[in-house]
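Note sheet for the following structure.
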Amino acid sequence: MSERSVELSRGDADDNASRDVASSDEAAISFERSRSLALWEIASVIVSALIAEWAALASLGFGKYLLVVPVALAFALTIYSHRVRGETARELGFRFDNFARACRVLLPLMLAGGVLLALWGRIWFGARFRIGGGRAEAYWLVFPLWGVAWGLLQQYVLQAFVNRRAQVVFGAGWKSVLLTALVFALLHLPNPWLTVATFTGGLVWAYAYQRTPNLYALALSHAAMTWVLIAALPASALNSLRVGFKYFG
Amino acid sequence: MASDTPEARRRGGDLETHASPRLSVSASGEKDANQESRVGPAAHDEKSSLTARGGERLSKFLIGKSITETLFLVALVSAFSYAHFNPRLRGTLDVANEREVSGWVVDEAGPDKRVEVELYIDGHFVARRRAGEWRPDVLAAGRAVSANHGFAFETPPLPAREAEYEASVFAAHEWIDKQITGLRIVGKPLRFKVQAGAKNVGVREDWWEDLEH
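Which chain is which? The protein sequence lines are A and B, in order.
Heads up, the final residue of the first sequence is numbered 454 in our numbering, and it's a clean run with no missing numbers.
Heads up, the final residue of the second sequence is numbered 1172 in our numbering, and it's a clean run with no missing numbers.
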């Protein structure tokens, strides 16, 4: 073999090695590893939320501003994860093309939920449904801005992240819907009635997201159902919707 | 496309059992007109699946996040402890017997302040007062800027017994913008015995019930 052909062979071998390395980098990881990572991602976001609710908010006075640290870490994770997994904003549910369809999925469920909440408040607590007045009226004033924005934020984390990662673990269906609802309820402990309400709401929203992923419709639904909850249940039962350490203070 | 991988096939198998809308992609790569969603395992096969490099980067990120959160928690607990348990309280319990319980306490964060102290015997509250007794030895030792940091409690009548009593003194300090008052022990608890004598004739075994607070 001539010197030139040896060099060529070496060059081919180097190219092949580079391609092998590149292809192994680009190859999809194993199903088990993918599931483990998705579970780890869900656990990591839960830990951040629990640190925020139970540790950062427990530091009264100046310490409460430290809340920004776990919240920023959680959002850094979600955004980085979307990027690494190649998920686009549209796929996550930031879109309008299916808004009407999402509303059609959500409306009957919301109506049923509203009636159930009103009955729950009436039968269990002897409370009257108050469309205006008290905290329901105050919430109505902030509904368009704060209510929807807060709903969008929560639904983004819950559906576009937790629900999607739960689907990596369990696939679409009742298991991932249940896991999403359980996570949502866990983050509302130790407020007992709010935990029950968020578990139920979590089931509905996770199901609706799997049917029709639209975060704007979910945010509107979230804000509306929060108002219905406040209007249906007495303030003493909800303790100002406080969760985590603040529930006791 | 990831649909050829074992992972995708397995997920695809799961998918068929669910009734949720499915994404289908035409040969040209465009979505069908009636398709709705990209979520679900099929979507994850294509859009939420990870490459080996991506998985590694995500793992590293998660490890970094966990370490950061652990450090944050440690810092938070340390800062909370330092701010609210007042590590700058100094003092000792010098004497504890059937006549008196005495010592001194200084808050180095506020050397002029007269610290409030509480006496407990066998865990029962006995009395509360400001530490403002004359203790020139504390001043001489350089532990305070004035000599008025001593405290002295008169030991209440206690029934005579073979077993020892334990006296503890706690310094009160305010937490969290004066919203909560906490207690921090001064020095170490001291033990003492009580002999039968004139002072404790007729004192009940549950002596703390007779104390006036």
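Even glycine gets a Cβ: it sits at the ideal position worked out from N, Cα and C.
CA-to-CA distance, residue j to residue i, given in whole angstroms
| i | j | result |
| --- | --- | --- |
| residue 411 (chain A) | residue 385 (chain A) | 7 Å |
| residue 416 (chain A) | residue 310 (chain A) | 8 Å |
| residue 406 (chain A) | residue 352 (chain A) | 16 Å |
| residue 251 (chain A) | residue 1148 (chain B) | 43 Å |
| residue 947 (chain B) | residue 359 (chain A) | Any question about residue 947 (chain B) goes unanswered here, given that chain B covers just 960 to 1172. |
| residue 306 (chain A) | residue 1036 (chain B) | 48 Å |
| residue 432 (chain A) | residue 286 (chain A) | 32 Å |
| residue 280 (chain A) | residue 391 (chain A) | 19 Å |
| residue 422 (chain A) | residue 1020 (chain B) | 31 Å |
| residue 327 (chain A) | residue 447 (chain A) | 22 Å |
| residue 1091 (chain B) | residue 1154 (chain B) | 30 Å |
| residue 376 (chain A) | residue 1011 (chain B) | 21 Å |
| residue 1159 (chain B) | residue 1058 (chain B) | 11 Å |
| residue 299 (chain A) | residue 270 (chain A) | 29 Å |
| residue 1127 (chain B) | residue 1145 (chain B) | 8 Å |
| residue 1112 (chain B) | residue 439 (chain A) | 51 Å |
| residue 1015 (chain B) | residue 246 (chain A) | 13 Å |
| residue 995 (chain B) | residue 303 (chain A) | Unreliable placement is indicated for residue 995 (chain B), whose pLDDT of 41 sits below 50; the coordinate value is still reported in the next sentence. Spanning the two alpha carbons is a distance of roughly 8 Å. |
| residue 1167 (chain B) | residue 1151 (chain B) | 17 Å |
| residue 1088 (chain B) | residue 1074 (chain B) | 8 Å |
| residue 1017 (chain B) | residue 289 (chain A) | 7 Å |
| residue 450 (chain A) | residue 254 (chain A) | 12 Å |
| residue 1122 (chain B) | residue 1109 (chain B) | 28 Å |
| residue 282 (chain A) | residue 1076 (chain B) | 49 Å |
| residue 430 (chain A) | residue 261 (chain A) | 28 Å |
| residue 1029 (chain B) | residue 244 (chain A) | 19 Å |
| residue 1038 (chain B) | residue 1065 (chain B) | 22 Å |
| residue 1093 (chain B) | residue 1131 (chain B) | 20 Å |
| residue 1163 (chain B) | residue 1053 (chain B) | 28 Å |
| residue 364 (chain A) | residue 301 (chain A) | 16 Å |
| residue 1022 (chain B) | residue 278 (chain A) | 12 Å |
| residue 1156 (chain B) | residue 1081 (chain B) | 20 Å |
| residue 297 (chain A) | residue 420 (chain A) | 8 Å |
| residue 320 (chain A) | residue 383 (chain A) | 22 Å |
| residue 356 (chain A) | residue 1072 (chain B) | 50 Å |
| residue 239 (chain A) | residue 1033 (chain B) | 31 Å |
| residue 1119 (chain B) | residue 1055 (chain B) | 15 Å |
| residue 374 (chain A) | residue 241 (chain A) | 8 Å |
| residue 1009 (chain B) | residue 380 (chain A) | 22 Å |
| residue 398 (chain A) | residue 404 (chain A) | 10 Å |
| residue 314 (chain A) | residue 452 (chain A) | 29 Å |
Exposed unless 16 or more other CB atoms sit within 10 angstroms - verdict on residue i
| i | result |
| --- | --- |
| residue 325 (chain A) | buried |
| residue 1129 (chain B) | buried |
| residue 441 (chain A) | exposed |
| residue 362 (chain A) | buried |
| residue 316 (chain A) | exposed |
| residue 1024 (chain B) | buried |
| residue 1170 (chain B) | exposed |
| residue 1095 (chain B) | exposed |
| residue 425 (chain A) | buried |
| residue 274 (chain A) | buried |
| residue 354 (chain A) | exposed |
| residue 445 (chain A) | exposed |
| residue 293 (chain A) | exposed |
| residue 256 (chain A) | buried |
N-terminal and C-terminal residue of the alpha helix (DSSP H) that residue i is part of
| i | result |
| --- | --- |
| residue 1096 (chain B) | 1095-1099 |
| residue 196 (chain A) | No statement about residue 196 (chain A) is possible, as the shown extent of chain A runs from 206 to 454 and does not include it. |
| residue 356 (chain A) | 353-360 |
| residue 312 (chain A) | 304-330 |
| residue 372 (chain A) | 369-375 |
| residue 254 (chain A) | 236-255 |
| residue 440 (chain A) | 440-443 |
| residue 389 (chain A) | 379-391 |
| residue 1103 (chain B) | It is not in any alpha helix (DSSP H) - residue 1103 (chain B) carries neither H nor E in the DSSP assignment. |
| residue 294 (chain A) | 294-297 |
Boundaries of the beta strand (DSSP E) in which residue i is found, first to last residue
| i | result |
| --- | --- |
| residue 1149 (chain B) | 1149-1153 |
Proximal residues of chain E, C-beta to C-beta of residue i below 8 Å
| i | result |
| --- | --- |
| residue 239 (chain A) | Absent here is chain E; the protein component of the structure consists of chains A and B. |
Threshold first: 3 residues or longer. Then list the beta strand (DSSP E) segments lying entirely within the stretch 1111-1140 of chain B, N to C.
Contiguous beta strand (DSSP E) elements confined to the stretch 1111-1140 of chain B occur at 1120-1134, taking only those with 3 or more residues.
Of the residues that make up the stretch 1007-1033 of chain B, which ones have a beta carbon closer than 9 Å to any beta carbon in chain A?
For the stretch 1007-1033 of chain B, the set of residues with a beta-carbon nearer than 9 Å to any beta-carbon of chain A comprises 1007, 1008, 1009, 1010, 1011, 1012, 1013, 1014, 1015, 1016, 1017, 1018, 1020, 1021, 1024, 1025, 1027, 1028, 1031 and 1032, in chain order.
Any residues in the stretch 276-300 of chain A with a beta carbon nearer than 7 Å to a beta carbon of chain B? Which ones, in chain order?
Along the stretch 276-300 of chain A, going in chain order, the ones with a CB nearer than 7 Å to a CB of chain B are 278, 282, 285, 286, 289, 290, 291, 292 and 296.
Would you mind listing the beta strand (DSSP E) stretches within the stretch 1024-1084 of chain B that are 3+ residues and don't spill past its ends, in chain order?
Counting whole runs of 3 or more residues, the stretch 1024-1084 of chain B contains the beta strand (DSSP E) stretches 1048-1055, 1059-1066 and 1075-1080.
Report the residue ranges of all alpha helix (DSSP H) runs contained in full by the stretch 396-425 of chain A; include only those spanning at least 4 residues, in chain order.
Runs of the alpha helix (DSSP H) inside the stretch 396-425 of chain A: 397-416.
Using a Cβ-Cβ cut-off of less than 7 Å, list which residues of the stretch 419-438 of chain A approach chain B; keep chain order.
Those would be none; no residue qualifies.
The stretch 252-264 of chain A: which residues have C-beta closer than 9 Å to a C-beta of chain B, in chain order?
Listed by position, the residues of the stretch 252-264 of chain A near chain B (Cβ gap below 9 Å) are 252, 253, 256, 260, 261, 263 and 264.
Given a limit of 8 Å on CB to CB distance, which residues of the stretch 394-422 of chain A reach chain B?
If the cut-off is 8 Å between Cβ atoms, the stretch 394-422 of chain A has 414, 415, 416, 417 and 418 near chain B.
Can you give me, in chain order, the residues of the stretch 1077-1094 of chain B that have a beta carbon less than 9 Å from any beta carbon in chain A?
Those would be none; no residue qualifies.
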